[in-house]
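Trainee: Submitted below is the structure of interest, expressed as structure tokens.
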Amino acid sequence: MKLYFASGTVFAILIGIAFVLVSYLAAIGVNRIRRSNHYQKTRRPRLGNLLFTLFALLYILHTLLIPTDSLHQYDACTDQYGNCYVFDYTDSSHRRSGDPSESAARIMKFDYSGKLQWNRLYSGGEFLPLSFFAIAGPKAGIYLCTLPPVGSPNNNVHLIRLDPEVQILWERVIETNAFDTRFFQDHLRVMGTRADQRLYQDYDIETGQLLSSTALSHEILNPKRYTKLDLHIDSGGDFIVWAYYDRYSVIAKLSAADQQSQSPDDQPSQPLWEHRIDKVDSAENVEIIRTSTALDQQDCLYSAGYYSIEAYLEKYSPEGTLLWTKELTPGQRGDTNRITDIRFIQSDSIDSADSAYVVMEHYKAYQPEQKKYSLIKIAGDGSVVWSQLVETPFEFDTDGAGNAYLFSLSPGRGPVSIVKYGPDGRQLWKAHSLRPDWILWIFKLTGIALFVWQLLRAKRPNRTADEVEEVLP
0 MKLYFASGTV FAILIGIAFV LVSYLAAIGV NRIRRSNHYQ KTRRPRLGNL LFTLFALLYI
60 LHTLLIPTDS LHQYDACTDQ YGNCYVFDYT DSSHRRSGDP SESAARIMKF DYSGKLQWNR
120 LYSGGEFLPL SFFAIAGPKA GIYLCTLPPV GSPNNNVHLI RLDPEVQILW ERVIETNAFD
180 TRFFQDHLRV MGTRADQRLY QDYDIETGQL LSSTALSHEI LNPKRYTKLD LHIDSGGDFI
240 VWAYYDRYSV IAKLSAADQQ SQSPDDQPSQ PLWEHRIDKV DSAENVEIIR TSTALDQQDC
300 LYSAGYYSIE AYLEKYSPEG TLLWTKELTP GQRGDTNRIT DIRFIQSDSI DSADSAYVVM
360 EHYKAYQPEQ KKYSLIKIAG DGSVVWSQLV ETPFEFDTDG AGNAYLFSLS PGRGPVSIVK
420 YGPDGRQLWK AHSLRPDWIL WIFKLTGIAL FVWQLLRAKR PNRTADEVEE VLP
């Protein structure tokens, strides 16, 4: 296990050491005061009073200048080379001041071996993370799609590209309510909504210039009909749509060329293919409640769902035909099982790209808050390759070599831990990153413990002031 400290740790350690020393010396000074019957006959007890005052002032300054009750929001991703990026947004706007400028954001980069390469403070109080991903290679960069803080007069969504040293290369205002951002065919594609209309915008990756903006038009995309909509882009640029209705679902493929050539007055184009999927699965003869979908690099669609306590994973061909349905129950007998995330290997190899990683939660019906999590690797035919119990993840990603990365939080919202699993399910390494406020809390509790210990070991005064002065150094 590897342990790394966040930026600002040097300052935190120096303040922490000073805190411990002052608290220890203050306790010694208080002990000398307690052993003296006459406070005015020696100057050393006055030093104890001074140190005790410094102890209190340091405690107050630590509380005011370095707040530890901030809300931390996390996001994380992995590029195809196995570099890990952790985004730590500290929201302090809920504090008494209510000032969003007290917020800050840090981005940490870990290399493929789990070593912390750098930790950068990006900005303060200007955004909330919406989406976050990184790209390695010739066009390496970190990409953020952000929202302004709650209460900010600016409601625009910003698309930002940072270089590997977290310097802003460009920043653009997006005029849509963006919900997904991805790298697609040498440019950035932003999926979003405007009013009740779905649309996508393409931006140049080098300059951030808007290349095109296309509205999607089809009856399936009518928000008055469906209860939920999943939208994916296949390798050819066409759109795979999964629309959820009360009693059934519809899966369809929309041509990107038809969408781009349409004018606002044209009739909606016909899908390339369309299938209706009933809730009752014909193969398993159960009513599967489908919750989410994911598209792999072979344009096969995976659907996660459940019935009662069992979880189900379905795979559909690029033409929308059901290939198989797999029941997944990694928990103990009687546990409720749910699929929370699906990821695919970022590789052009068919053997690698045909595998899927699934994160599942399982719990007792009478203890829903005590959840356990499993990481499962699924082969292309639906068979389980391996399954591992893992810590509670807040994000999950893969790289081009078939490795899986779980980003987790310890109780109390920190520190951040990263666990890397190989293609065979073996844990390769685990790294932690401690925030500066955790460092200060460690020193703070140590100083208080030393202070209390010195007070408890002090003896009752049973000598005169003159005898005390002779004993004191």
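Quick note: the sequence shown uses numbering that gives the first Met the number 0, first residue 0, plus one each step. Note that beta-carbon positions come from the ideal geometry of N, C-alpha and C, so glycine has one too. Everything numeric in this text was worked out from a predicted model, so none of it was measured.
What do you reckon, are the CB atoms on Y247 and K278 nearer than 8 angstroms?
Mentor: Cβ distance < 8 angstroms, so Y247 and K278 count as in contact.
Trainee: Does the beta carbon of D380 come closer than 8 angstroms to any beta carbon on chain E?
Mentor: Absence of chain E from the displayed structure is noted, only one protein chain being present.
Trainee: Which same chain residues, not among the five before or five after G207, have their C-beta less than 6 angstroms away from its C-beta?
Mentor: W169 and R171
Trainee: Helix, strand or coil for L271, going by three-state DSSP, please let me know.
Mentor: coil
Trainee: What beta strand (DSSP E) runs, 3 residues minimum, are completely inside the region 329–404?
Mentor: 335–343, 355–363, 366–377, 383–389 and 392–397
Trainee: Within 10 angstroms of its Cβ, does Y365 collect 16 or more other Cβ (buried), or is it exposed?
Mentor: exposed
Trainee: Since I417 and G81 are thought to touch, with beta carbons under 8 angstroms apart, how far apart are those beta carbons, to the nearest angstrom?
Mentor: No, I417 and G81 are not in contact; Cβ-Cβ is about 11 angstroms, not under 8 angstroms.
Trainee: Helix or strand or just coil, what does DSSP make of E174?
Mentor: In the three-state reduction of the DSSP assignment, E174 falls in the coil class, being assigned neither a helical nor a strand state.
Trainee: Bridge partners of T213, per DSSP?
Mentor: Y199
Trainee: Is it buried or exposed for K252, if we count other Cβ within 10 angstroms and need 16 for buried?
Mentor: Burial call: buried.
Trainee: From what residue to what residue does the beta strand (DSSP E) around I250 run?
Mentor: Y247 to L253
Trainee: For S212 and Q200, which I take to be in contact (beta-carbon distance under 8 angstroms), what is that distance rounded to the nearest angstrom?
Mentor: 5 angstroms
Trainee: Could you give the first and the last residue of the continuous beta strand (DSSP E) run that contains A293?
Mentor: DSSP places A293 inside the beta strand (DSSP E), whose first and last residues are I288 to L294.
Trainee: If you draw a straight line from the alpha carbon of S373 to that of R337, how long is it in whole angstroms?
Mentor: One Cα belongs to S373, the other to R337, and the distance between them is close to 10 angstroms.
Trainee: Check whether the Cβ atoms of Y362 and T335 lie closer than 8 angstroms to each other.
Mentor: yes
Trainee: Would you check if the distance between the CB atom of Q369 and the CB atom of G424 is smaller than 8 angstroms?
Mentor: no
Trainee: Leaving aside the five residues before and after K371 along the sequence, list all residues of the same chain whose C-beta is less than 6 angstroms from its C-beta, in chain order.
Mentor: H361
Trainee: Could you compute how far the alpha carbon of I204 sits from the alpha carbon of R275?
Mentor: 38 angstroms
Trainee: Pick helix, strand or coil for E318, following the three-state DSSP scheme.
Mentor: coil
Trainee: Kindly list the residues whose CB is nearer than 7 angstroms to the CB of C299, restricted to its own chain and excluding five residues on each side of it in sequence; keep chain order.
Mentor: K314, Y315, S316 and P317
Trainee: Kindly indicate which residue of G399, I308, L228 and Q426 has the alpha-carbon position closest to the one of M359.
Mentor: I308
Trainee: My guess is that I134 and H157 are in contact by the Cβ rule of under 8 angstroms, so how many angstroms apart are they, rounded?
Mentor: The Cβ separation is near 18 angstroms, so there is no contact.
Trainee: Might you give, ordered along the chain, the residues of its own chain that have their beta carbon closer than 8 angstroms to the beta carbon of I288, omitting 5 neighbours on each side?
Mentor: K278, G304, Y305 and Y306
Trainee: Tell me where the beta strand (DSSP E) around Y243 begins and ends.
Mentor: F238 to Y243
Trainee: With H, G and I counted as helix, E and B as strand and the rest as coil, what does DSSP make of N219?
Mentor: Here residue 219 turns out to be Ile, not Asn, going by the sequence shown. DSSP places I219 in helix when its eight states are reduced to three.
Trainee: For a test of the three-state rule: what should DSSP assign to A256, helix, strand or coil?
Mentor: helix
Trainee: Classify P367 as buried or exposed, calling it buried when 16 or more other Cβ atoms lie within 10 Å of its own Cβ.
Mentor: exposed
Trainee: Spatial neighbours of Y142 within its chain, please: CB distance less than 6 angstroms, with the 5 preceding and 5 following residues excluded, ordered by chain position.
Mentor: These residues qualify, in order along the chain: F132 and R160.
Trainee: How many angstroms separate the CA atom of I377 from the CA atom of A355?
Mentor: 5 angstroms
Trainee: Determine the DSSP secondary structure at D162, reduced to helix, strand or coil.
Mentor: coil
Trainee: Work out the CA separation of V249 and T226 for me, nearest whole Å.
Mentor: Spanning the two alpha carbons is a distance of roughly 12 angstroms.
Trainee: Who pairs with L115 in a beta bridge, going by DSSP?
Mentor: Looking at the DSSP assignment, L115 forms a beta bridge with F109.
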